[in-house]
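In this note's numbering, the protein residues as written are 3 to 202. From the three backbone atoms N, C-alpha and C, an ideal C-beta is built for every residue, glycine too. Report on the following structure.
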Ligand SMILES: Cc1cc2nc3c(=O)[nH]c(=O)nc-3n(C[C@H](O)[C@H](O)[C@H](O)COP(=O)(O)O)c2cc1C
C-alpha cells in the first residue's frame with residue numbers, strides 16, 4: 003500500500019470539472035463549489051448525476067431538507083465565481099447577491115452565466131460519514147449562458163483551477179482544504195445508512 007498522501011494524489015485524478023452547486027430553502031439562496039460530480043446514468047431518457055457534499059457545509063442541509071439543487075458546469079473565465087462560492091460559507095454571508103442569477107423551474111437559483119446548468123431533484127442518497135452523495139434526477143437543463151450573454155471560455159476543470167488560481171488565493175485554498183480534511187477525518191468512520199424519502 004502506498005503512503006496515504008501518495009494515494010490521495012493518485013485519487014485526485016478522479017476529480018470532476020469544477021461545478022457550482024446552488025440551493026434554496028425558505029427564501030434563502032446559497033451556492034458552493036464541488037469537484038466531485040459525475041454523470042450517473044447512461045440512459046438519455048433518464049438523465050442523472052451525483053455529487054458529494056460535506057455535511058459541515060451550509061449547503062448540505064439545504065439540499066438534504068429540500069431534496070433539490072442546481073449544478074453548473076463553469077467556464078475558465080469564472081475563477082472569481084469559484085473564489086466567491088468555494089472559499090466562504092453561506093452561514094456568514096449572502097454569496098449569491100454579487101453573482102447574477104435567476105430562479106429556475108424547481109425554485110433553485112440558476113447562474114445567468116455558466117457552461118451549462120442542470121436542475122435536479124434528489125432521487126437517492128448515500129451517507130459516507132463526513133458527507134452525503136446525492137443522486138439527482140435532472141429535471142431541467144440549460145446550455146451555456148442565459149439569453150443575451152455570450153458564452154466565454156472553455157469548460158473549467160479542477161486541474162485548470164488549481165494551476166491558474168491567482169497566487170494570493172493559494173494559501174487560503176490549501177488552509178481550507180486542510181481544515182476540511184481534518185473535519186472529514188473525524189467523521190468518516192461512522193456511516194449511517196439512510197433511506198431516502200420519495201420527493202415525487
Ligand atoms: C475547487 C474546490 C472544490 C471543492 N469541492 C468540494 C466538494 O467536492 N465537496 C464539498 O462538500 N465541498 C467542496 N469544496 C468546498 C466548498 O465549496 C466550500 O467549503 C464552501 O465554502 C461551502 O459553502 P457553504 O458553507 O455556503 O455551503 C470545494 C471548494 C473548492 C474551491
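The residue from 100, 199 and 163 with its alpha-carbon nearest to that of residue 32 is 100. DSSP places residue 141 within a strand segment (E or B) once states are collapsed to three.
Within the same chain, Cβ atoms closer than 7 angstroms to the Cβ of residue 191 are found at 131, the five residues on either side in sequence being excluded.
For the 8 angstroms CB-CB criterion, residue 133 and residue 30 do not form a contact. Look at residue 108 here: in three-state DSSP terms it is coil, with no helix or strand label. Our two residues, residue 73 and residue 122, have alpha carbons roughly 8 angstroms apart in a direct line.
In the structure shown, residue 88 falls within a helical segment according to DSSP collapsed to helix, strand and coil. Remark: C-beta atoms of residue 138 and residue 76 do not approach each other more closely than 8 angstroms. A direct Cα-to-Cα measurement between residue 90 and residue 9 gives close to 28 angstroms. When DSSP states are grouped into helix, strand and coil, residue 50 belongs to the strand group.
About 5 angstroms separates the CB atoms of residue 140 and residue 120; that is less than 8 angstroms, so the two are in contact. Here the region 40-48 does not lie against the region 181-195, with fewer than 3 beta-carbon pairs under 8 angstroms apart. One alpha carbon belongs to residue 161, the other to residue 105, and they sit about 30 angstroms apart. Beta-carbon to beta-carbon, residue 171 and residue 85 are separated by about 6 angstroms, close enough to satisfy the 8 angstroms threshold.
Between residue 39 and residue 61, the CB-CB gap reaches or exceeds 8 angstroms. With respect to the C-alpha of residue 155, the residue from 81, 167 and 53 having the closest C-alpha is 81. In this structure, DSSP gives residue 165 a helical state, which the three-state scheme calls helix.
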